[in-house]
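The opening residue of the sequence shown carries number 334 in this note's numbering; numbering runs sequentially from there.
Virtual Cβ for every residue (Gly too), placed ideally from N, Cα, C.
Please read these numbers as outputs of a predicted model, since none were measured by experiment.
Structure first, then comments.
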Amino acid sequence: MTKRQLSKHERELRFQRLLYIGAAAVVAVVLLVPAIGFWREYFYRPTEAVATVAGQSITLETFAKTLAYQYAQITNQQQQMAVMAQEQSDPQFQRMLRRQIEQLEQQKLTAEGQTVSELVDGQLIRMEAARRGITVTKDEVDAAIVDQFGPPAPPAEQSKPAEQTGGDATKPADAAAGTPDKPAGEGQAQPAAGAEAKPESQATPAASPAAEGQAAQPTPSVAPTPTLSPQERNDQAFQNLRTTLNAIRVMSEPEFRTLIVEPRLLRKKLNEALGAEIPTTAEQIKARHLLVDTEEQAKAARERIVTGGETFEKVAQEVSKDEENKSKGGDLSWFPRSTMVAEFEAVAFNLQPGEISEPVKSSFGYHIIKVEEKDPNRPLSESQLRSRKSTAVDRFLADQKRPENNLVKLEYTPTHIEWAKNYIRRNIGA
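Okay, structure coming up:
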């Protein structure tokens, strides 16, 4: 072989090597791109954070599993109500059940945000419980599961105070901390429009659809069930739990205990601990208010009182749209802070006795406020104290989540929600 032929042969070999390398690179890319996508979808994305609490991440997979449980609970309620509607002959009762089914369907639309909120609450509760040395035992968790999933307890057991787990078997929103977040102040002090400036002691909770239905129609009779021994009841409860978890297919029993039950029990214990620390006295004011739609109406009402010499009571009775206390001349009686909405309190607690405010705008309209008395250390009424104790953990959570505390960072996006829904569909087939 001549030098020229050898050189040509070497070039051909080199070209062939380059072809092989190029082909191998193409094959590698073809194989690698799906592999990277698979790794990202099934190994990396589940670890992404939907929220961070004091530096600790709540992962996308945890969110998806808890959301699946939420959806299952809502669906379970709807199915139970549909069966009840078929079994009832009373049209009014059927309509009430259909309304509740529709309302539950609406809950699904907000379940994602509610689930993240409850997971955040659960983490905050765990942290504070650990700081205080509050724990729950395996036996307590077992008892809560039996209460939630077991057959009705015999009358002797039912007469005992039930462990409040927030775990009614038909309750949809019982993930993580068990209840939706209710911030103190604004969140708890926003009665229906026209009754905004209403103290805790006078607040009347809005009737739930269930309550309305029960008021209008007696509860249907239920056939008696055989009495089970404690062991049989326990066995049935855990069988029901396994059936529920098998249906959603994404949450194990240990995860259910950790994500669902433990935070509910810790919440109850923490609420009791916080409630025991609530002072029995507080700064309070005795005030009146009137509520109108526009600033011009508020100014005109104030002018009648300040310049025209009419009494606050008379003007409030004539122009206020707050039907709760209009007939009482706008009397709000005594109330402490964190009773009214923030805009109202910011002005009211800075007035001196006898002073009448300028118009105060809130989401309900425009207020004119008159403070009659102030007491820096007035005893709370029994109902006020009871209300504060029952919502102690809600106020704690609201305080912890204040932006200035920099403890909670919400990071979930629409793509996270879509991934979670796809995760549920892949596993459940829904």
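The C-beta distance from Q650 to G641 rounds to 15 Å, too long to fall under 8 Å, and the pair is not in contact.
Judged by DSSP in its simplified three-state form, I467 adopts coil rather than helix or strand. In the three-state reduction of the DSSP assignment, E616 falls in the strand class, which pools E and B. For a cut-off of 8 Å, the C-beta gap from V386 to V741 is around 6 Å, short enough to register as a contact.
A residue is called buried when at least 16 other Cβ atoms come within 10 angstroms of its Cβ; S562 does not meet this threshold and is exposed. Cβ-Cβ separation between P709 and E616: approximately 5 Å, consistent with a contact (criterion under 8 Å).
Contact between the stretch 590 to 597 and the stretch 391 to 402 is present, with at least three C-beta pairs closer than 8 Å. Three or more beta-carbon pairs drawn from the stretch 391 to 398 and the stretch 440 to 460 are found closer than 8 Å, and the two stretches are therefore classed as touching. Rounded to whole angstroms, the gap between the alpha carbons of A606 and A463 is 13 Å. CA-CA distance, D475 to E420, rounds to 33 Å.
DSSP, read as helix, strand or coil, puts E394 in helix. D655 counts as buried, since at least 16 other C-beta atoms from the protein chains shown sit within 10 angstroms of its C-beta.
The beta-carbon separation of S690 and V680, rounded to 5 Å, stays under the 8 Å limit for a contact.
In this structure, L442 sits away from Q410, with a CB-CB distance that is not shorter than 7 Å. Y699 is classed as buried because its beta carbon has at least 16 other beta carbons within 10 Å across all chains shown. If you ignore the 5 residues before and after A620, its C-beta comes within less than 7 Å of the C-beta of L665, A681, I702, K703, V704 and E705, all in its own chain and listed in chain order.
Per DSSP, E588 is not a residue of any beta strand (DSSP E); the alpha helix (DSSP H) it occupies stretches across E586 to F589. Going by C-alpha positions, Y745 is about 10 Å away from T392. If you ignore the 5 residues before and after W667, its C-beta comes within less than 6 Å of the C-beta of Q617 and K619, all in its own chain and listed in chain order. Approximately 25 Å separates the beta-carbon atoms of L574 and I467; this is outside 8 Å, ruling out the contact. For R711, the enclosing beta strand (DSSP E) has its first and last residue at G698 to P712. Cβ neighbours of T613 within its own chain (closer than 7 Å, five residues either side excluded): P712, L713 and L718. The residues F645, V648 and I689, in chain order, have a CB closer than 7 Å to that of I638 in the same chain once the five nearest residues on each side in sequence are set aside. In this structure, L743 lies near A384, with their beta-carbon atoms less than 7 Å apart.
Shown here for Y756: same chain residues with a beta carbon closer than 6 Å to its own, the five before and five after excluded, namely A397 in chain order. DSSP places K694 in the strand class (E or B) of the three-state scheme. One thing to note: L684 has its Cβ no nearer than 7 Å to the Cβ of S653.
Closest in alpha carbon position to I750, among V469, R378, Q425 and Q349, is R378.
Here R635 is buried, its C-beta having at least 16 other C-beta atoms within 10 Å. Sorting Y375, N658, N739 and R566 by C-alpha distance to the C-alpha of G483 places R566 at the top. The distance from the Cβ of Q456 to that of Q389 is about 6 Å, consistent with a contact at the 8 Å cut-off. The alpha-carbon of P485 is positioned some 21 Å away from that of T408. In the three-state scheme derived from DSSP, where H, G and I count as helix and E and B as strand, K659 is classed as helix.
Using a 10 angstroms sphere on the CB of I581, the tally of other CB atoms reaches 16 or more, which defines it as buried. Note: H622 is bridge-paired with I702 in the DSSP secondary-structure output.
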